[in-house]
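Comments concern the structure below.
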Amino acid sequence: PLKILSTLITVASLLTSSIHALAAPVEIKFSHVVAKNTPKGQMALKFKELVEQRLPGEYQVNVFPNSQLFGDNNEISALLLNDIQFVAPSLSKFERYTKKLQLFDLPFLFENMDSVDRFQQSDAGLKLLNAMKRKGIVGLGYLHNGMKQFSASSPLVVPADARGKKFRIMASDVLAAQFLTLDAIPVKKPFSEVFTLLQTRAIDGQENTWSNIYSKKFFEVQGYITESNHGVLDYMVVTSNTFWKSLPDDKREIIKSSLDEAIAFGNQIAAAKVKKDRESIITSKRSKVIELTPEQRNLWVESMRPVWSQFEAKIGKDLIQAAVESNK
Ligand code: LMR
Numbered sequence: 598p599l600k601i602l603s604t605l606i607t608v609a610s611l612l613t614s615s616i617h618a619l620a621a622p623v624e625i626k627f628s629h630v631v632a633k634n635t636p637k638g639q640m641a642l643k644f645k646e647l648v649e650q651r652l653p654g655e656y657q658v659n660v661f662p663n664s665q666l667f668g669d670n671n672e673i674s675a676l677l678l679n680d681i682q683f684v685a686p687s688l689s690k691f692e693r694y695t696k697k698l699q700l701f702d703l704p705f706l707f708e709n710m711d712s713v714d715r716f717q718q719s720d721a722g723l724k725l726l727n728a729m730k731r732k733g734i735v736g737l738g739y740l741h742n743g744m745k746q747f748s749a750s751s752p753l754v755v756p757a758d759a760r761g762k763k764f765r766i767m768a769s770d771v772l773a774a775q776f777l778t779l780d781a782i783p784v785k786k787p788f789s790e791v792f793t794l795l796q797t798r799a800i801d802g803q804e805n806t807w808s809n810i811y812s813k814k815f816f817e818v819q820g821y822i823t824e825s826n827h828g829v830l831d832y833m834v835v836t837s838n839t840f841w842k843s844l845p846d847d848k849r850e851i852i853k854s855s856l857d858e859a860i861a862f863g864n865q866i867a868a869a870k871v872k873k874d875r876e877s878i879i880t881s882k883r884s885k886v887i888e889l890t891p892e893q894r895n896l897w898v899e900s901m902r903p904v905w906s907q908f909e910a911k912i913g914k915d916l917i918q919a920a921v922e923s924n925k
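The sequence shown begins at 598 in this note's numbering and counts up by one.
Structure (structure tokens):
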């Protein structure tokens with residue numbers, strides 16, 4: 598009877614553990630630094646919705662916005678440790694892992710978002726998704742945010758207006774060089790600190806997209822926004838090789854197609870926000886939007902273009918050429 602009892606106990610415990618396994622979905626953590634009402638915030642929520650709809654009870658996607666779980670300084674390391682499974686840092690934030698993506702930070706490289714999209718979807722652009730493979734980072738797709746504008750506590754109309762001013766930048770040497778050519782002072786800081794730095798006047802200005810300036814309320818603490826469209830702020834959605842390889846083939850396929858659809862959705866939001874968030878900022882009257890004449894804008898182009906030659910060797914001439922060609 599003792600033997601029967603112990604067999605029964607073993608069977609019972611096996612049953613419980615398999616029921617438990619059935620009951621607990623695999624958690625996928627998606628961490629990001631922006632607000633929910635942004636292209637990236639909305640894309641992540643769409644991804645959650647699609648994965649949970651298509652793999653019900655098997656996978657659960659938890660999205661952590663606003664740097665609440667990890668921020669700029671640690672989200673990629675956390676990804677590599679498999680503490681989180683998805684992040685979508687701006688293309689400026691991969692410098693430690695590849696120099697190729699520095700391409701996207703070159704000032705006045707892309708004329709508009711159509712050019713950016715054409716380049717990203719070209720052979721050269723798609724190849725860059727694999728640029729960090731050896732570092733254990735798998736690039737799954739590009740996501741748009743938009744073109745960057747300058748904001749500052751004083752009006753920036755001509756390049757000389759930036760002289761001696763401190764600007765927060767993302768951790769990118771190209772962006773540092775861009776402000777140095779203006780004789781300004783670049784300060785690398787995580788996104789989560791920008792509002793306070795601007796509010797306390799510890800820094801004078803920053804560069805960002807309309808949606809980030811709006812959703813993080815930078816326009817409430819910066820008197821002026823210069824509509825410069827001088828560079829692009831886009832993202833690469835990445836996962837770790839460790840996580841990606843651990844997925845069964847059929848599940849990986851469903852997760853990838855859900856992501857592709859979520860990115861397409863996020864791109865629509867990005868396009869809409871360029872207009873909408875810009876309008877909301879203008880109607881708020883908290884910040885004055887400065888539109889540049891073609892002559893004034895040309896002065897910025899001339900001042901900042903020398904940055905290209907500084908990084909040409911690291912990025913590669915061919916890659917820069919391919920990007921320039923996407924403007925046609
Ligand atoms: C920034 O740091 O300004 C942006 O990269 C934030 C973001 O993710 O859009």
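Just so it is clear, CB atoms sit at the ideal spot from N, CA and C, and this is done for glycine as well.
- Message: For R651, which residues in the same chain have their Cβ closer than 8 Å to its Cβ, ignoring the five residues on either side in sequence?
- Response: As a working mapping, residue 651 is identified with position 54 in the sequence shown. I851 and S855, listed in sequence order.
- S843: buried (16+ other C-beta within 10 angstroms of its C-beta) or exposed? Residue numbering aside, residue 843 sits at position 246 when the sequence shown is read from its first letter. Exposed is the call here.
- Option nearest K732 by Cα separation, candidates L772, E876, T695 and R798: Taking the sequence shown and counting its residues from 1, one reaches residue 732 at position 135. Sorting L772, E876, T695 and R798 by C-alpha distance to the C-alpha of K732 places T695 at the top.
- Give every residue of the same chain whose Cβ lies closer than 6 Å to the Cβ of G638, excluding the five residues on either side of it in the sequence, and list them in chain order. On the sequence shown, position 41 is the one that residue 638 refers to. Excluding positions up to five away in sequence, the list reads V631, A632 and P662.
- Query: How about M833 and Y739: are their beta carbons less than 8 Å apart?
  - Reply: Here residue 833 is taken as the residue at index 236 of the sequence shown, counted from 1. Here residue 739 is taken as the residue at index 142 of the sequence shown, counted from 1. Yes, they are a contact pair.
- How is G738 classed by DSSP in three states: helix, strand or coil? As a first step, residue 738 is located in the sequence shown; it is residue number 141 there, counting from the start. Under the three-state reduction of DSSP, G738 is assigned to strand.
- Message: Quick check on G802: buried or exposed, where buried means 16 or more other Cβ atoms within 10 Å of its Cβ?
- Response: Along the sequence shown, one-based indexing puts residue 802 at 205. Burial call: buried.
- Query: When you compare only the Cα positions, how much space is there between Y821 and I912?
  - Reply: Sequence index remark: in the sequence shown, residue 821 carries index 224 (1-based). Sequence index remark: in the sequence shown, residue 912 carries index 315 (1-based). Y821 and I912: Cα-Cα distance of roughly 33 Å.
- Message: Does K885 come out as helix, strand or coil in the three-state DSSP assignment?
- Response: Within the sequence shown, residue 885 is the residue found at index 288, counting from 1. Strand.
- In three-state DSSP terms, what is Q907? As a position in the sequence shown, residue 907 is number 310, starting the count at 1. Of the three classes helix, strand and coil, the one that applies to Q907 here is helix, per DSSP.
- Taking the alpha-carbon positions, what's the V871 to A620 distance? For the purposes of this step, residue 871 is taken as the residue at position 274 of the sequence shown. For the purposes of this step, residue 620 is taken as the residue at position 23 of the sequence shown. Taking the straight line joining both Cα atoms gives about 43 Å.
- Start-end ranges of the beta strand (DSSP E) lying completely within the segment 740-827, minimum 3 residues: Correct list: 746-749, 763-766, 782-785, 802-805 and 821-824.
- Query: Are L676 and V684 closer than 8 Å when you measure CB to CB?
  - Reply: As a working mapping, residue 676 is identified with position 79 in the sequence shown. As a working mapping, residue 684 is identified with position 87 in the sequence shown. It is a contact, given that the beta carbons lie within the stated cut-off.
- Query: Hey, out of V835, E790, N895 and L916, whose CA is closest to R765's CA?
  - Reply: For the purposes of this step, residue 765 is taken as residue 168 along the sequence shown, with counting starting at 1. With distances taken between Cα atoms, R765 lies closest to E790.
- Query: In terms of DSSP beta bridges, what is V658 paired with?
  - Reply: The residue you call residue 658 lines up with position 61 of the sequence shown. Looking at the DSSP assignment, V658 forms a beta bridge with I625.
- Query: Hey, how far is the Cα of G761 from the Cα of I625?
  - Reply: By one-based count along the sequence shown, residue 761 stands at place 164. By one-based count along the sequence shown, residue 625 stands at place 28. Taking the straight line from one Cα to the other gives about 45 Å.
- Sorry if obvious, but does the Cβ on K870 come closer than 7 Å to a heavy atom of the ligand LMR? What you label residue 870 is simply residue 273 of the sequence shown in a count that begins at 1. No, Cβ of K870 sits at least 7 Å from all heavy atoms of the ligand LMR.
- Task: Could you tell me whether the segment 886-895 touches the segment 766-777, where touching means 3 or more Cβ pairs closer than 8 Å?
- Result: No contact exists between the segment 886-895 and the segment 766-777.
- Query: Within the present structure, is the beta-carbon of N742 separated from the nearest heavy atom of the ligand LMR by less than 7 Å?
  - Reply: Stepping through the sequence shown from its first residue, residue 742 is reached at position 145. Yes, since a heavy atom of the ligand LMR falls inside the 7 Å radius drawn around the Cβ of N742.
- Task: Find out if the Cβ-Cβ distance for the pair M729, F691 is shorter than 8 Å.
- Result: Residue mapping note: residue 729 aligns to position 132 of the sequence shown, counting from 1. Residue mapping note: residue 691 aligns to position 94 of the sequence shown, counting from 1. Against a cut-off of 8 Å, the Cβ pair of F691 and M729 comes out as a contact.
- Task: Identify whether M833 lies in helix, strand or coil by the three-state DSSP scheme.
- Result: In the sequence shown, the residue the question calls residue 833 occupies position 236. The answer is strand: DSSP assigns M833 an E or B state.
- Item | Where the alpha helix (DSSP H) through T839 begins and ends | Position 242 of the sequence shown, counted from the first residue, corresponds to residue 839. For T839, the uninterrupted alpha helix (DSSP H) run begins and ends at N838 to S843, by DSSP.
- Task: Can you check DSSP and say which residues form a bridge with V684?
- Result: Position 87 of the sequence shown holds residue 684. Its beta-bridge partners are V835.
- Message: Please return the same chain residues whose Cβ sits closer than 8 Å to the Cβ of L777, not counting the five positions on each side in sequence.
- Response: By 1-based counting over the sequence shown, the position of residue 777 is 180. Around L777: P783.
- Under the three-state reduction of DSSP, which class applies to L698: helix, strand or coil? Walking along the sequence shown from the start, residue 698 turns up at place 101. DSSP places L698 in helix when its eight states are reduced to three.
- N670 versus G863 - alpha carbon distance: As a working note, residue 670 is residue 73 in the sequence shown. As a working note, residue 863 is residue 266 in the sequence shown. C-alpha of N670 to C-alpha of G863: approximately 24 Å in a straight line.
- Closer than 7 Å: V630 CB and nearest the ligand LMR heavy atom: Here residue 630 is taken as the residue at index 33 of the sequence shown, counted from 1. Flag set: Cβ of V630 near the ligand LMR.
- Straight-line Cα distance separating N805 from L753: As a working note, residue 753 is residue 156 in the sequence shown. As a working note, residue 805 is residue 208 in the sequence shown. Computed Cα separation, rounded: 14 Å.
- Message: Please report the distance separating the alpha-carbon of R798 from that of G668.
- Response: Position 201 of the sequence shown holds residue 798. Position 71 of the sequence shown holds residue 668. Answer to the nearest angstrom: the Cα atoms are 22 Å apart.
- Query: Roughly how many whole angstroms lie between the Cα atoms of W807 and S881?
  - Reply: Against the sequence shown, residue 807 aligns to sequence position 210. Against the sequence shown, residue 881 aligns to sequence position 284. Here the alpha carbons of S881 and W807 stand approximately 14 Å from one another.
- Item | Per-residue burial, Q718 [other beta carbons within 10 Å of its own, 16 or more giving buried] | Taking the first residue of the sequence shown as position 1, residue 718 is located at position 121. Q718 comes out exposed.
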